[in-house]
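According to UniProt numbering, the stretch in the sequence shown is residues 1 to 367, in order. A short write-up of the structure that comes next.
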Amino acid sequence: MQQNPEFKQIQALLQHSQQLSTFNITFAYITKAYCAQRLHALYKKTQQQEYMQLLQQLISELENLKSQNPQLQNKEENKKHYTEFVYKFFYDADTRERDGEVSQELMQMFGSVQKAIEVLQYFEPLNQDQQEKQKYAKFKMVEQHKKLKDPTLIKPKPKDLIEEELEQIAQKQTQLTQNQQQNSNQQQQQQQANTQQPLQSIKPVTPQIEIPQTQPQQQSQYQQQQQQYQQQQLQYQQQQLLLQQQQQQQQQQQQQQQQQQQQQQQQQQQQQQQQQQQLLLQQQQQQQQYQQQQQLINQQQMQSQAQPQNQQGKTQKLTPMEQAQLRNQIKTILQQAISEVDFKKYQNAKDQLQKTLGMLQQLLDSQ
1 MQQNPEFKQI QALLQHSQQL STFNITFAYI TKAYCAQRLH ALYKKTQQQE
51 YMQLLQQLIS ELENLKSQNP QLQNKEENKK HYTEFVYKFF YDADTRERDG
101 EVSQELMQMF GSVQKAIEVL QYFEPLNQDQ QEKQKYAKFK MVEQHKKLKD
151 PTLIKPKPKD LIEEELEQIA QKQTQLTQNQ QQNSNQQQQQ QQANTQQPLQ
201 SIKPVTPQIE IPQTQPQQQS QYQQQQQQYQ QQQLQYQQQQ LLLQQQQQQQ
251 QQQQQQQQQQ QQQQQQQQQQ QQQQQQQQLL LQQQQQQQQY QQQQQLINQQ
301 QMQSQAQPQN QQGKTQKLTP MEQAQLRNQI KTILQQAISE VDFKKYQNAK
351 DQLQKTLGML QQLLDSQ
């Protein structure tokens with residue numbers, strides 16, 4: 001029983017349904033119902049009693065869940081919510097993988113995504129997009145497993161141009177702050193040195209130290225640096241806004257794709273329903289035509305059976321008097337025909353009619 005690979009897949013799906021039961025009872029019910037479908041098909045192929053016992057157990061569990069949770073009765077609503085959950089689950093795992101994450105948790109997440117997509121077959125066969133997503137999730141699960149076993153396979157995520165520019169701006173900002181701190185420290189040291197010099201050391205003939213010349217220059221440089229720093233801050237904020245806008249656009253595109261997929265699914269369902277209705281109408285029309293044909297055949301058979309009976313009834317009802325009258329009528333009709341064909345060129349016809357008259361007379365007399 002455990003050696004059957006298909007049964008192993010069913011067991012893995014049952015474990016997945018147990019995990020979902022703590023998260024959402026509806027999703028767990030759908031997964032368990034799909035397991036029951038697959039187990040029933042497996043029992044038909046193998047006729048193993050162990051499968052039948054497990055199937056009966058699953059059916060009883062499903063019935064208990066249905067009785068305790070009335071929302072499970074609405075299959076269409078449950079299908080909508082479960083499909084949305086599967087697509088969100090897939091995009092979450094894909095986003096984490098694209099961000100460069102390699103972890104045991106992400107590997108298990110891709111495995112769960114693969115199972116969740118498979119369970120969509122409980123409602124209808126997978127479409128092409130769902131099949132491709134299932135293959136992609138399986139490939140990424142294997143890829144994560146290989147990277148965990150061999151970290152040399154992990155490649156750093158290529159930096160985006162915007163991210164590189166942001167890093168350069170941040171480095172420039174740190175350099176500016178360091179330069180500003182150095183300039184401020186130098187100014188403080190010069191001011192302290194000037195105040196500590198004795199008055200005797202200052203000669204009236206010699207020119208004063210060029211402090212009033214250097215301070216305005218340093219102030220202007222400091223102001224320029226502040227302006228540059230403010231400009232860089234504005235650029236950084238603008239780039240952050242651009243990044244946010246791009247992220248919002250990506251989210252909107254993903255939402256639009258999901259909506260388009262849902263619309264396509266709804267259209268496919270509507271087309272299937274229309275085709276089924278047309279087939280039903282055609283079948284009903286064919287049945288009605290078949291019934292009408294049978295009625296016509298029956299009527300014809302009844303009529304064909306009634307005609308000989310009527311004829312037999314009529315011949316049986318003739319009295320001897322009526323038979324004599326009928327013979328006389330036949331004789332008169334034939335005599336009239338002979339008198340009308342009294343020409344030389346029709347002499348042969350006359351002879352034949354006379355012979356026929358004699359034969360009919362003998363026949364009628366014998367009755």
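Yeah, the Cβ is synthetic: ideal placement off N, Cα and C, and Gly gets one too.
Evaluate residue i with the Cβ neighbour count: other Cβ atoms within 10 Å of its Cβ, from every protein chain shown; 16 or more gives buried, anything less gives exposed.
i: Leu-39; result: buried
i: Tyr-290; result: exposed
i: Glu-84; result: exposed
i: Lys-133; result: buried
i: Ser-17; result: buried
i: Ile-333; result: exposed
i: Glu-118; result: buried
i: Val-142; result: exposed
i: Gln-287; result: exposed
i: Phe-90; result: buried
i: Gln-144; result: buried
i: Ala-12; result: exposed
i: Gln-53; result: exposed
i: Leu-20; result: buried
i: Leu-242; result: exposed
i: Ser-326; result: Sequence check: residue 326 is Leu here, not Ser. Under this definition Leu-326 is an exposed residue.
i: Leu-234; result: exposed
i: Gln-130; result: buried
Using a Cβ-Cβ cutoff of less than 8 Å, which residues in the same chain neighbour residue i once the five nearest sequence positions on both sides are dropped?
i: Glu-210; result: Bear in mind that the predicted position of Glu-210 carries a pLDDT of just 40, short of 50, making it too unreliable to give a figure here.
i: Leu-62; result: Tyr-29, Lys-32, Ala-33, Ala-36
i: Ala-93; result: Leu-106, Met-109, Phe-110, Val-113, Ala-137, Lys-140
i: Phe-298; result: The identity of residue 298 in the sequence shown is Asn, whereas the question assumes Phe. Excluding sequence neighbours, Asn-298 sits near nothing in its chain.
i: Leu-153; result: Lys-146, Lys-147
i: Leu-58; result: Lys-32, Cys-35, Ala-36, Leu-39
i: Asn-4; result: Leu-42, Thr-46
What residues in its chain sit with their C-beta under 7 Å from that of residue i, if we drop five residues either side in the sequence?
i: Phe-123; result: Lys-79
i: Gln-268; result: none
i: Pro-70; result: none
i: Leu-55; result: Ala-36, Leu-39, His-40, Tyr-43
Distance check for residue j and residue i, CA to CA, integer angstroms please.
i: Thr-26; j: Ala-116; result: 13 Å
i: Gln-128; j: Gln-292; result: 45 Å
i: Gln-329; j: Gln-354; result: 16 Å
i: Gln-284; j: Gln-278; result: 10 Å
i: Leu-14; j: Pro-151; result: 32 Å
i: Gln-295; j: Leu-280; result: 22 Å
i: Gln-251; j: Asn-74; result: 30 Å
i: Leu-357; j: Asp-365; result: 12 Å
i: Glu-76; j: Ile-169; result: 53 Å
i: Lys-172; j: Val-86; result: 45 Å
i: Asn-179; j: Gln-186; result: 10 Å
i: Gln-264; j: Gln-224; result: 59 Å
i: Leu-360; j: Lys-331; result: 9 Å
i: Asp-351; j: Thr-319; result: 33 Å
i: Thr-95; j: Gln-247; result: 12 Å
i: Gln-228; j: Thr-177; result: 11 Å
i: Gln-188; j: Gln-232; result: 27 Å
i: Thr-214; j: Gln-181; result: Residue placement at Thr-214 is poorly supported in this model, since its pLDDT is 49, which falls under 50; the coordinates are not used for a value here.
i: Arg-98; j: Gln-255; result: 18 Å
i: Gln-323; j: Gln-335; result: 19 Å
i: Gln-257; j: Gln-68; result: 36 Å
i: Gln-259; j: Ile-10; result: 31 Å
i: Met-302; j: Gln-275; result: 40 Å
i: Gln-104; j: Phe-23; result: 20 Å
i: Gln-300; j: Gln-282; result: 27 Å
i: Val-102; j: Lys-135; result: 19 Å
i: Gln-271; j: Asn-64; result: 35 Å
i: residue 371; j: Gln-230; result: In this structure the chain extends from 1 to 367, so residue 371 is not present and cannot be described.
i: Gln-253; j: Lys-88; result: 13 Å
i: Gln-237; j: Pro-125; result: 48 Å
i: Lys-155; j: Lys-149; result: 14 Å
i: Gln-244; j: His-81; result: 29 Å
i: Gln-362; j: Gln-305; result: 32 Å
i: Gln-261; j: Gln-273; result: 18 Å
Could you name the residues of the same chain whose beta carbon sits closer than 6 Å to that of residue i, not counting the 5 residues immediately before and after it, in chain order?
i: Leu-72; result: Tyr-29, Lys-66
i: Lys-44; result: none
Give a yes or no on whether the minimum CB-CB distance between residue i and chain D is below 8 Å.
i: Thr-332; result: In summary, chain D is missing from the structure at hand, where a single protein chain is found.
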